[in-house]
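Peer 1: Residue numbers (UniProt numbering): 1 to 323. The beta carbon of each residue, even a glycine, is placed where N, CA and C say it ideally should be. What you are looking at is a predicted structure, and each value in this text was computed from that prediction instead of being measured.
#1: Can you pull the DSSP bridge partners for residue 76?
#2: Write down the C-beta distance between residue 143 and residue 286 rounded to the nearest angstrom, noting that I regard them as a contact closer than 8 Å.
#3: Starting from residue 263, follow its DSSP beta bridges and name the residues at the other end.
#4: From what residue to what residue does the beta strand (DSSP E) around residue 16 run?
#5: Report the residue ranges of all beta strand (DSSP E) runs contained in full by the stretch 149-225; include only those spanning at least 3 residues, in chain order.
#6: From this set, 98, 135, 96, which residue's C-alpha is nearest residue 1's C-alpha?
#7: Around the Cβ of residue 258, are there at least 16 other Cβ atoms within 10 angstroms (buried) or fewer (exposed)?
#8: Between which residues of its own chain and residue 283 is the CB-CB distance below 7 Å, once the five residues before and five after are set aside?
#9: Use the C-beta contact count for residue 270: other C-beta atoms within 10 angstroms, 16 or more gives buried, fewer gives exposed.
#10: Round the Cβ separation of residue 211 and residue 10 to the nearest angstrom and send it over; I've been treating them as touching at under 8 Å.
#11: Determine, using beta carbons only, whether residue 318 and residue 19 come nearer to each other than 8 Å.
#12: Buried or exposed for residue 289, please, with buried defined as at least 16 other CB atoms from any protein chain shown within 10 angstroms of its CB.
#13: In the structure shown, what three-state DSSP assignment does residue 310 receive?
Structure (structure tokens):
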């Protein structure tokens, strides 16, 4: 069976890894120039900075085992402990995803526009005009994007299903990547999450973290702050961050450069119970970090949720072979 996974983020890559390759051919379609989704790292001069997820925790036996394998391969390490160990990717979070996807059939720069069912096959159309044929589709990108694709597809899908899919909302996030001309310390481990100026959720020193050779800070703004300013020009966003932030941590003349990064779907503010859902009996499945698998006892989405969702849909596909 040929399976097309839309989205080469964490859920998609985990699903591709776990699906039985002896029985299935798997292809991943990714709209961006690189795999990884919100496990993103930006190279800036001689340094680099994580500008999506900064770390992850492991609560379930499934993810603990996956993390142990990543540690054995030299991909991740423990960064610090705060109630639970916080793990980071050694060469930046995106390097972990690139290593996992290295042997996979991934087609980049392919933004999916619609699905079509034709002669018992599923066709995936992209905005670039490409068409990919498969037997089953697994869509792992954020649910609002899935809803948009389904609405543009000529498929029989109930209003009840679409209402359920539309119920999941996401928080936006604005991030500033700030290059400095001198090294500084940010907290004990390179991260501060408390007693910060209004609107700032956390600050990370990528050099202190061990990701960058040069001093680059990641300044993560909270959801409310980001929502109100998301559509402003970069310069206007930066001026507001600068006004509050650098009085707290560093002189303005130490700033070498800045970049503003946007995440429209940073974190789901509501979730769907179960590791995945099937689209009204069609060979289309939706998965991702907004799905909470049965073994996941979290009340909010996180990296582990994405992993467990990818594993859950892969287990379902593999189980179908044995029925």
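Peer 2: Judging by the given coordinates:
#1: 89
#2: 7 Å
#3: 173
#4: Residue 16 -> not in any beta strand (DSSP E); alpha helix (DSSP H) instead, spanning 10-18.
#5: 170-180, 200-205, 216-221
#6: 135
#7: buried
#8: 122, 135, 136, 137
#9: exposed
#10: Not quite, the Cβ-Cβ distance comes to about 18 Å (not below 8 Å), so this is no contact.
#11: yes
#12: buried
#13: helix
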